[in-house]
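Protein chains in written order, with my numbering: chain A, -12 to 963; chain B, 11 to 180.
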């Protein structure tokens, strides 16, 4: 470049920068035509609804700002989740605002999609169903996800009109083995619920109740009610499974049994219990047959069958028999076929032996997912599906093509002459094969009712204006079945009339109350229990194949459930709780397995079973047995939008497509798997810097015996890592010998958070809530590999270097230090200490030197390398109370300053000070186990102030004299 | 040297003409009276002559972050009876009848990273006019460019919070 060109370019460049560098907000302000009664501009409205991201049916409150929902939170009045929500529930919003959500119906003509008007699509549905019904009985079929009773009843009436059988309910996780075992042991053909909080000892044969099993938010809360430290005791939890799920990682004892040998362990425990004289009150025939069936399962035999240490089994049995209120839970959500029935039956019978009255099993509040049809029935349905017997097939929010690969679903749906209608809002694998796509309103836009458990009913109401012109599913069915003369003008009317007829609501006032509270939770429970069967066919064959071959376990994911969550960017971006890998699906394998085959961590391997092949990167972990490989279910979609398509892999294709003969349930394990290296490598997009703490005092544990002492902090006064005292971020924490800067004066409030590591289960719900509340950018796998993820709050996962099976989780967010290293190094004073102790990041002052991030020992500051995008209409989810940051700016946790300010506003209006517990940052609000507390350290009566007096209290790397305002409590560990 | 004089003169004339044109094109006297609104609503008439309270049209000002602008319906409370046949009122009716939101031009605004809370200021008895000026004397509102110094000055004077996050930014 010569001088002339340089000057010209520089001149043009500076002029265009000067001219183009304006930040003018939107200049038009639209006046409403009529203001809705309940809307105040700038104030949020909360609508009670029900989460439909899984069959558990948690109650939610949707926060609506100017007609659009910007956040969902748990409904505190709802008995299932009591105000808490998991990360999938938080991410429900991203389905509503998904950029690839269909906004018109689509008709397939000659293999090409053509957009259709809503009226035309509904007309076509009416015409096709009428024609099908006219051609004979049973020619209109419906395959649906689990739906509420009212919608199911409407489907029933509609299908009656069409002389067709009721809808078939399909859920990929339908707990067939557990249902079969409940029928055999309790005479209950369904899914009972459990009262974990009333137990003092929990033995679990694989049930991943902290992740997906039946009702994870509810069971996580109950689990911590029994397992968190209470003055000087703590419940005990043993997990028996071939791989370490998140649930197993939270257990005090994880026995890595051989796949399909859980039943043998349970039978061994039954034998021990009967030997010790338990079970005397059981009916004689049952006791006799049980004694006979369990007789072969001596401790030695169990140890040999399950390949677990005999002494560990003995100690577990002793502990179980000593427990006052033991409870045994069954097998994992994704079971292993025939052995599952035996294991669940053994678990049920063990419960009957230990607790003849079954006081910790709730027979009245059975889980609604029990209405799902067994897998065998679904497979049979598709096998019989043909144009000769079926004219119209309606698919409601199911994706069998993804869930059942190798079962010939695609061929079945593609038959000419069969008219397939999908009500899905997304072009997933199944919807792509439909003839007509008629997207219906999403749950947050609909009127409906859903009871996750019996004897409670949870309402759904539109919490926002509809984004598309889609009709509600109920309205579509009403119009399609009853034509021009429907019995009710719309589904809302149908719903209201039905609930009134059932005596659930009585009149308009109760209907409004029903909607406001989010449902009716005080319905009379059905008679609890029929007499227990006196004779149980105790036919066990839980002997696992002791093959030397590898077994692949496909595990449901806390992030994606059965795969329906895979298109929500937050769920992809938030890493897996145990591997800390985001966006990708690694294959988990034991170091020995890999060493034998000369495979290293992050090598891409080919996995081959009798049913299929896939390639995936390997993640080396001792969290699986050497004869087991584990892969999460959920990703690996061939359609389903930009965030799902081509991301990760799905292990489902490797599984046997047939259902198990005994329970009719699917088999989520594949034996005789071959593992071959491909010679390629794939860097894993993990967010953890290290698996261990390298001797630093980050996530600490304390033995139960030490924690049970209730004396105060042991006095410490040194300057080393070992003896540095807990230094509160208050003027009293100032020490002229240690501090270069004078103490900060705080006016009235000094905000602080206490994290009880003994309660944290590592589920990541807090991280999802933080993404939703604070407009945090989603960066994708490539940027995560480059260390550019933006999470303000992350769950750190550390393994104990002595025993890597010991896992500890630590939520890490900005520590709002009183002596903040970031503040001292910023050349422009962008991090700034507020008078209430918060460390404020002034985005507009920040020039992006990143010195602060370098100097932060907690690595919680996030730099915007790019201006992250929210493809329309995902931007509608952005919280209007939080500035969206742009390129070149550092950002970090603010303790949800917008909520603190809102509380200030309310307190000022009421002329009082902020009450303890009034401020709930988003992470704390959603935490299923109440691991977080937030409050004012200046108030000597506040909850956090009392908690920091706990002898378990410590500060992460407090010896750096940063005086963090986030105080952690040691995790309490116990050995058997 | 002398051979350059003519082109320099021409260039100078062109520059003067262009600058002059731009000056007069962008800053004619009429642009200084505020943005043209879809309906020529006069604050002088409503607030000044008719002495309608600010809160009647901006009802949320004392209880929310934003004061709110009146829905079309509210204008028609009166204008169904008062000058009902005026062409501009008919335009208002057209907005109502076609359910079209009125696209008013914003005249008072702060940048996106500032969260100005009206409620807090009203509760502290800050008069509307202190920031918005004497709207009762203006037909069209001119607006004012609020810079940070404007806020800080007042906050200093009244001893209000100067904390970045607790005050204006999130």
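Virtual Cβ for every residue (Gly too), placed ideally from N, Cα, C. If you're wondering where the values come from, they're calculated on a predicted model, not measured in any experiment.
Minimum Cβ-Cβ distance from residue i to chain B less than 9 angstroms
i: residue 301 of chain A; result: no
i: residue 1007 of chain A; result: With chain A covering only -12 through 963, there is no way to say anything about residue 1007 of chain A.
i: residue 887 of chain A; result: yes
i: residue 870 of chain A; result: yes
i: residue 825 of chain A; result: yes
i: residue 739 of chain A; result: no
i: residue 881 of chain A; result: yes
CB-CB length for residue i against residue j, believed under 8 angstroms
i: residue 315 of chain A; j: residue 292 of chain A; result: Incorrect: roughly 18 angstroms between the Cβ atoms, too far for contact.
i: residue 221 of chain A; j: residue 959 of chain A; result: 6 angstroms
i: residue 944 of chain A; j: residue 880 of chain A; result: The Cβ separation is near 17 angstroms, so there is no contact.
i: residue 613 of chain A; j: residue 588 of chain A; result: In fact, because the Cβ distance is near 15 angstroms, the residues do not count as touching under 8 angstroms.
i: residue 921 of chain A; j: residue 907 of chain A; result: 7 angstroms
i: residue 553 of chain A; j: residue 622 of chain A; result: 5 angstroms
Outcome for residue i when other beta-carbon atoms lying within 10 angstroms are tallied against a minimum of 16
i: residue 964 of chain A; result: The question about residue 964 of chain A has no answer, for chain A in this structure spans -12 to 963.
i: residue 36 of chain B; result: exposed
i: residue 545 of chain A; result: buried
i: residue 200 of chain A; result: buried
i: residue 234 of chain A; result: buried
i: residue 137 of chain B; result: exposed
i: residue 134 of chain A; result: buried
i: residue 977 of chain A; result: Outside the displayed range of chain A (-12 to 963) lies residue 977 of chain A, so it cannot be described from this structure.
i: residue 499 of chain A; result: exposed
Closer than 9 angstroms to chain A by CB, residue i
i: residue 160 of chain B; result: no
i: residue 174 of chain B; result: yes
i: residue 50 of chain B; result: no
i: residue 75 of chain B; result: yes
i: residue 125 of chain B; result: yes
i: residue 119 of chain B; result: yes
i: residue 171 of chain B; result: yes
i: residue 53 of chain B; result: no
i: residue 180 of chain B; result: yes
i: residue 33 of chain B; result: no
i: residue 122 of chain B; result: yes
i: residue 70 of chain B; result: yes
DSSP bridge partner residues for residue i (one or two, in chain order)
i: residue 782 of chain A; result: A:798
i: residue 348 of chain A; result: A:181
i: residue 52 of chain A; result: A:55
i: residue 1036 of chain A; result: No information on residue 1036 of chain A is available, as it lies outside the stretch -12 to 963 that chain A covers here.
i: residue 440 of chain A; result: A:354
i: residue 189 of chain A; result: A:224, A:314
i: residue 538 of chain A; result: A:615
i: residue 507 of chain A; result: A:444
i: residue 52 of chain B; result: DSSP, once it has assigned bridges, lists no residue as partnering residue 52 of chain B.
i: residue 420 of chain A; result: Answer is none; residue 420 of chain A lacks a bridge partner.
i: residue 920 of chain A; result: A:741
Q.
Output needed in chain order: residues of the segment 101 to 116 of chain B with a Cβ under 8 angstroms from some Cβ in chain A.
A. Of all residues in the segment 101 to 116 of chain B, 105, 106, 109, 110, 111, 112, 113, 114, 115, 116 have a Cβ within less than 8 angstroms of some Cβ in chain A.
Q. Going along the chain, which residues of the segment 79 to 99 of chain B sit with their C-beta nearer than 7 angstroms to a C-beta in chain A?
A. Listed by position along the chain: 79, 80, 81, 82, 83.
Q: Return the residues of the segment 11 to 35 of chain A that lie within a Cβ-Cβ distance of less than 7 angstroms from chain B, sorted by chain order.
A: Per Cβ criterion, the list reads 12, 14, 15, 16, 17, 18, 19, 20, 21, 22, 27, 28, 29, 30.
Q) Which residues, in chain order, does the segment 129 to 145 of chain B contribute to contact with chain A at a C-beta distance below 8 angstroms? A) Correct list: 129, 130, 133.
(Q) Any C-beta of chain B within less than 8 angstroms: which residues of the segment 828 to 858 of chain A qualify? (A) Close to chain B, meaning a Cβ-Cβ distance shorter than 8 angstroms, are the following residues of the segment 828 to 858 of chain A: 829, 830, 831.
Q. Which residues, in order along the segment 792 to 823 of chain A, keep a beta-carbon less than 7 angstroms from a beta-carbon of chain B?
A. For the segment 792 to 823 of chain A, which is checked against every Cβ of chain B, the residues closer than 7 angstroms are 819, 821, 822, 823.
Q. Any residues in the segment 54 to 68 of chain A with a beta carbon nearer than 7 angstroms to a beta carbon of chain B? Which ones, in chain order?
A. Taking 7 angstroms as the upper bound on Cβ-Cβ separation, chain B lies near no residue of the segment 54 to 68 of chain A.
(Q) Residues of the segment 889 to 905 of chain A in Cβ contact with chain B at a cutoff of 9 angstroms, in chain order, please. (A) Taking a C-beta cut-off of 9 angstroms against chain B, the contacting residues of the segment 889 to 905 of chain A are 891, 892, 895, 896, listed in chain order.
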